[in-house]
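Going by the working numbering, the first residue of the sequence shown is number -18, and it counts up by one from there.
Note that the Cβ used here is the ideal one computed from N, Cα and C, for glycine as well.
Here is the structure we will look at, set down as C-alpha cells.
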Amino acid sequence: EDLRYIWSFEIQIIGSNSFYDDNLQALMDFIQQGKMKPVIDSTLPLDRAIDGLRMIENREVFGKVVVTP
C-alpha cells in the first residue's frame, strides 16, 4: 500500500494480466522448462473456496491461492 517502500528499496514488480495469448503461452513455456516457478500459498478444494477468498481479503497469503475441483 505504501509505494515509498517499493521506491526506497528499488523493488521491481513484474507481472502480466495474461491479456494476450502469446504472453500466456510464453509464461506456460517458462514454467514447463523450469525457468519460472509460480508462488502458490495454498491449494484448497472447491468446497473451501470461500476460505481462500477470505484469506486474500485479509491479506494472509503470499502468492496465489489455487482452488481445485
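Once you ignore the five residues that flank residue i on each side, which residues in its own chain have a CB closer than 7 Å to its CB?
i: Met9; result: none
Thinking C-alpha only, which one of the options is nearest residue i?
i: Lys16; options: Phe(-10), Glu38, Val47 and Ala7; result: Ala7
i: Val20; options: Gln(-7), Val42, Leu5 and Asn4; result: Val42
Residue i and residue j: beta carbons closer than 8 Å?
i: Asp22; j: Val48; result: no
Measure how close the beta-carbons of residue i and residue j come, nearest whole angstrom, since I'm counting them as under 8 Å.
i: Pro50; j: Leu27; result: 6 Å
With a threshold of 8 Å on Cβ separation, who are the neighbours of residue i within its own chain once the five nearest residues in sequence on each side are excluded?
i: Tyr(-16); result: Looking at the sequence provided, one finds Leu at residue -16 rather than Tyr. The answer is none, since no qualifying residue turns up.
i: Ile12; result: Lys18 and Pro19
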